[in-house]
Amino acid sequence: MVEWWNSLSLLGQIFACIAIPSTIIMIIQVIMMFFGLSHSGDADIDGDVNVDLDGDGVPDGIYGDDVDTDGDFESDAAADSGFRLLSVRGIISFFAIFGWTGLVVLKSGGSTLLALGVAASAGFATMVILALIFMWMFRLQSDGTMDIKYALGVSGKVYLRIPPQRQGTGKVNVMLQGRYAELPAVTDETDSIQFGEEIVVIGISGSNTLVVKRK
Numbered sequence: 002m003v004e005w006w007n008s009l010s011l012l013g014q015i016f017a018c019i020a021i022p023s024t025i026i027m028i029i030q031v032i033m034m035f036f037g038l039s040h041s042g043d044a045d046i047d048g049d050v051n052v053d054l055d056g057d058g059v060p061d062g063i064y065g066d067d068v069d070t071d072g073d074f075e076s077d078a079a080a081d082s083g084f085r086l087l088s089v090r091g092i093i094s095f096f097a098i099f100g101w102t103g104l105v106v107l108k109s110g111g112s113t114l115l116a117l118g119v120a121a122s123a124g125f126a127t128m129v130i131l132a133l134i135f136m137w138m139f140r141l142q143s144d145g146t147m148d149i150k151y152a153l154g155v156s157g158k159v160y161l162r163i164p165p166q167r168q169g170t171g172k173v174n175v176m177l178q179g180r181y182a183e184l185p186a187v188t189d190e191t192d193s194i195q196f197g198e199e200i201v202v203i204g205i206s207g208s209n210t211l212v213v214k215r216k
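For the working numbering, add 1 to where a residue sits in the sequence shown, where the first one is 1.
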């Protein structure tokens, strides 16, 4: 391992430093998906936005069993099915492919410019392919068969940290109508709920945002 590292040029070592951590993160994500801690969906770089209709500074929502889901969840899923190039998984995949491709080109005798160009092209192509795959998967999910009201009382796990007192939106994975769903979530608790913590759904905010608490 040390000999291999020392045999690399400075640029090759940079490529390796990018590729190895990114690949490890990708493997962790795949393992999480197999164990139901992740979903075919993805977290967007621009985050989620809650709408405050009455201007009181608190996202509007409804609680308990009085949930209006007539087409709302379907329309939101359809809106999420658009082409989203910048995502957490997309960027991680870009760096992984960028690093390994650049390293291979350098080891094959390619120039610095060639290695950078081919690596960037391969990484960008990977991002586009992943974005197309997730767009297709979201469109399959938006067929209207999932009714968010069935999430009430369901337990799940946090995928992206949920800020306290509805100061922002996180993501949770729950079993909804027989399949795993990754949905935006807020909490009224005074402390943020961290990744991997177990939660229970206590209400619905807006059309597709869950209100959760620690289990």
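The C-beta atom is built at its ideal place from N, Cα and C for all residues, glycine as well.
Taking only the alpha-carbon atoms, compute the straight-line gap between residue i and residue j and give it to the nearest angstrom.
| i | j | result |
| --- | --- | --- |
| GLY1 | SER206 | Since the first residue of the chain shown is 2 and the last is 216, residue 1 is not available in this structure. |
| ILE163 | ILE21 | 29 Å |
| ASP189 | ILE15 | 44 Å |
| SER122 | PHE95 | 9 Å |
| LEU11 | GLY110 | 14 Å |
| ILE93 | GLY204 | 33 Å |
| LEU211 | GLN30 | 23 Å |
| GLY100 | THR113 | 13 Å |
| ILE130 | VAL89 | 14 Å |
| GLN168 | TRP5 | 48 Å |
| PHE125 | LEU9 | 24 Å |
| LEU184 | ILE28 | 22 Å |
| TRP137 | VAL213 | 28 Å |
Excluding five sequence neighbours on each side, which residues of the same chain lie with their C-beta closer than 7 Å to the C-beta of residue i?
| i | result |
| --- | --- |
| TYR151 | LEU177 and GLN178 |
| ALA197 | Note on identity: in this sequence residue 197 is Gly, with Ala being the wrong assignment. For GLY197, where only same-chain residues beyond five positions count, the Cβ hits under 7 Å are LYS158 and VAL159. |
| VAL3 | none |
| ILE26 | ILE93 |
| LYS216 | SER156, GLU199, ILE200 and VAL201 |
| MET147 | PHE74, LEU177, GLN178 and ALA182 |
Report back the beta-carbon spacing between residue i and residue j to the nearest angstrom; my notes put them in contact at under 8 Å.
| i | j | result |
| --- | --- | --- |
| VAL201 | SER156 | 5 Å |
For residue i, which residues in the same chain have their Cβ closer than 6 Å to its Cβ, ignoring the five residues on either side in sequence?
| i | result |
| --- | --- |
| GLY103 | PHE16, ALA116 and ALA120 |
| LEU107 | GLY13 and ALA116 |
| ASP192 | PRO165 |
| CYS18 | none |
| ASN7 | none |
| VAL105 | none |
| ASP66 | Caution applies to ASP66, whose pLDDT of 39 falls short of 50 and renders its modelled position unreliable; the value that the coordinates give is listed next. Around ASP66: no qualifying Cβ. |
Is it the case that the CB of residue i approaches a heavy atom of the ligand MN more closely than 7 Å?
| i | result |
| --- | --- |
| GLY204 | In the structure shown, the ligand MN is absent, as is every other ligand, since no ligand is present at all. |
Confirm, please, whether the CB-CB distance from residue j to residue i is below 8 Å.
| i | j | result |
| --- | --- | --- |
| LEU161 | GLY171 | yes |
| THR24 | ALA97 | yes |
| GLY91 | MET33 | no |
By Cβ distance below 8 Å, which residues in the same chain neighbour residue i in space, the five residues on each side in sequence not counted?
| i | result |
| --- | --- |
| GLN195 | VAL159 and ARG162 |
* Asked: Considering only residues of the stretch 165-216, which uninterrupted beta strand (DSSP E) runs meet the minimum length of 3 residues and lie entirely inside it, listed in chain order?
  -> 171-177, 180-188, 199-206 and 210-215
* Asked: Considering only residues of the stretch 106-163, which uninterrupted beta strand (DSSP E) runs meet the minimum length of 3 residues and lie entirely inside it, listed in chain order?
  -> 156-161
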